[in-house]
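Report on one structure; see the data block that follows.
Structure below.
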């Protein structure tokens, strides 16, 4: 896993639309089709589909 980084505004808006709390996540990778987030609370890497 790469070093997780702080979220940008577009990442926070994306997580809010999914019903997640953006304060609990860091961004690991960002591709054209997907993001990879790291949850600080549960220490889990999550890869939701971006459409």
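Residue numbers (UniProt numbering): 1 to 51. Just so you know, even glycine gets a beta-carbon here, dropped at the ideal spot from N, CA and C.
Buried/exposed call for residue 18, threshold 16 Cβ in 10 Å:
The count along the chain shown starts at 1 and reaches residue 18 at position 18. Exposed is the call here.
Among all the DSSP beta bridges, which residues are the ones paired with residue 16?
Locating residue 16 in the chain shown gives position 16, where the first residue counts as 1. According to the DSSP secondary-structure assignment, residue 16 is paired through a beta bridge with no residue.
In angstroms with no decimal places, state the Cα-to-Cα distance between residue 3 and residue 16.
As a working note, residue 3 is residue 3 in the chain shown. As a working note, residue 16 is residue 16 in the chain shown. Between the alpha carbons of residue 3 and residue 16 lies a gap of roughly 23 angstroms.
Flag this pair as yes or no: are the beta carbons of residue 59 and residue 43 separated by less than 7 angstroms?
With the chain covering only 1 through 51, there is no way to say anything about residue 59.
Quick one: residues in its chain with C-beta nearer than 6 angstroms to the C-beta of residue 12, no 5 flanking neighbours on either side, listed in chain order?
To locate residue 12, count along the chain shown from 1; it is residue 12. By the criterion of a C-beta distance shorter than 6 angstroms, residue 12 is surrounded in its chain by 22, once the five residues flanking it on both sides are discounted.
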